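Start counting the sequence shown at 16; every next residue gets the next number (the working numbering).
Glycine included, each C-beta is placed from N, C-alpha and C at the ideal position.
Owing to the predicted nature of the structure, the values given are computational and were not obtained by experimental measurement.
A quick write-up on the structure given underneath.
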Amino acid sequence: MPRVTINGDDFGMNESCTKAILRALREGLITDTTMMANGSFFDEAVQMAKEFGLTDRIGVHFNLTEGRPLTDGITKAPLFVKDGGFHRAFLQQPRELDAAERKAVFDELCAQAERIRGAGIAITHADSHHYLHTYQTLAPIFAEVCRQCGIDSIRLNRTLDTPAHPRVTDGRIDNRFWRDQGLRTSEHFGRYPDLFDSEIPDRTEILVHPDLDKDGRLIDRTAVINGHPSGILLDGAIYREKSLTLCRYQELVT
16 MPRVTINGDD
26 FGMNESCTKA
36 ILRALREGLI
46 TDTTMMANGS
56 FFDEAVQMAK
66 EFGLTDRIGV
76 HFNLTEGRPL
86 TDGITKAPLF
96 VKDGGFHRAF
106 LQQPRELDAA
116 ERKAVFDELC
126 AQAERIRGAG
136 IAITHADSHH
146 YLHTYQTLAP
156 IFAEVCRQCG
166 IDSIRLNRTL
176 DTPAHPRVTD
186 GRIDNRFWRD
196 QGLRTSEHFG
206 RYPDLFDSEI
216 PDRTEILVHP
226 DLDKDGRLID
236 RTAVINGHPS
246 GILLDGAIYR
256 EKSLTLCRYQ
266 ELVT
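Spelled out as structure tokens, the structure:
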């Protein structure tokens, strides 16, 4: 029975996905979540986590591509910030950072971790919005932030490979990098659709983006259409069909 952790990204990003993540945690459809420190629903997410005793199931969802930054320094880095908000220029044309940009990124990521921990959340692991931590030019900064902030576990690059969902590896670090940095990881990583398309090996992390569609159903969000999240229904039946053993994140990583 393969051991799998199901992580719901974007806790605190907005009201819809935050409420969906809370519901998915309580219904056993996900095992863990990662929190967006600069999300518009951050304070409410913290309150929900404390109310329902979930503060030990939350990691940090580092973010440099959406919302407003927490620090001033990063606002002077046009590669990441325009008109006071994060944007996606780096994703479109990744490049080496200069010294000032590296410091600004480091300071912003540390501030995000510190805001979560300062709110009473024990950070269990790290990942990032749009897989930023896996880019070769950014990975060393993320590794140093994890060391500085006492975070010992981090998400891999994608390892599961199917015709419908090929691996995302271009311009990314080799997964051995994280172990060389002293960080713990799962053995494999994929996304929710992989559960339907391939055999799941032992010690796999599965990413989902829980959200509520226009009918209030729990989904793994893959798009937003006419203002409404859209995606695949989250259904625990696939876990039983695949004979998966769901484990908390910290139970899975080594």
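Just checking my contact of residue i with residue j at CB under 8 Å: how many whole Å lie between their CB atoms?
i: Leu85; j: Val120; result: About 12 Å; that fails the 8 Å criterion.
i: Gly82; j: Phe101; result: 6 Å
i: Asp113; j: Arg72; result: No, Asp113 and Arg72 are not in contact; Cβ-Cβ is about 38 Å, not under 8 Å.
i: Thr237; j: Gly205; result: 14 Å between Cβ atoms; not a contact.
i: Arg18; j: Cys262; result: 5 Å
i: Ile136; j: Thr70; result: 5 Å
i: Ala39; j: Leu249; result: 6 Å
i: His76; j: Thr33; result: Wrong, their Cβ atoms sit about 12 Å apart, outside the cutoff.
i: Ile45; j: Pro225; result: 6 Å
i: Met16; j: Thr260; result: 5 Å
Could you check what DSSP says for residue i in three-state terms: helix, strand or coil?
i: Phe105; result: helix
i: His148; result: helix
i: Thr237; result: strand
i: Thr20; result: strand
i: Thr33; result: helix
i: Ala158; result: helix
i: Ala134; result: coil
i: Arg170; result: coil
i: Arg255; result: helix
i: Arg263; result: coil
Going by alpha carbons, who is nearest to residue i out of the options?
i: His145; options: Arg170, Gln62, Leu175; result: Arg170
i: Ala92; options: Gln108, Phe77, Thr70, Glu116; result: Glu116
i: Arg218; options: Thr200, Ile188, Phe95; result: Thr200
i: Asp228; options: Ile36, Lys118, Thr20; result: Ile36
i: Ser258; options: Ile240, Arg38, Glu214, Tyr264; result: Glu214
i: Gly133; options: Pro244, Asp58, Pro109, Ile253; result: Asp58
i: Pro109; options: His148, His76, Gln127; result: His148
i: Gly74; options: Ala104, Pro17, Arg18, Ser143; result: Ser143
i: Gly27; options: Ile45, Thr20, Arg18, Asn53; result: Asn53
i: Ser168; options: Leu210, Asp24, Pro208, Gln265; result: Gln265
i: Val160; options: Gly99, Gln127, Gln151; result: Gln127
i: Val223; options: Gly231, Asn190, Pro216, Leu210; result: Leu210
i: Asn7; options: Gln163, Phe56, Trp193, Thr152; result: Here the chain covers residues 16 to 269 and nothing more, so residue 7 does not appear.
i: Arg232; options: Ile247, His140, Gly242, Val239; result: Ile247
i: Glu111; options: Lys97, Glu123, Ile156; result: Ile156
i: Ile166; options: Phe67, Leu106, Ile131, Gly186; result: Ile131
i: Leu198; options: Cys164, Ile221, Lys118; result: Cys164
i: Gly251; options: Tyr207, Pro216, Asn241, Asp212; result: Tyr207
i: Ala154; options: Leu124, Tyr254, Asp176; result: Leu124
i: His140; options: Glu220, Gly68, Gln107; result: Glu220
i: Leu106; options: Gln196, Gly68, Gly186; result: Gly186
Quick check: does the Cβ of residue i come within less than 8 Å of any heavy atom belonging to the ligand SAM?
i: Thr80; result: Of the ligands one can find in the structure shown there are none, so the ligand SAM has no counterpart to examine.
Please go through the stretch 37–124 and give each complete beta strand (DSSP E) segment of 3 or more residues, from N-terminal end onward. The qualifying runs are 47–50, 73–77.
Alpha helix (DSSP H) segments (min. 4 residues) lying fully within the stretch 194–231: Within the stretch 194–231, the complete alpha helix (DSSP H) runs of at least 4 residues are 209–212.
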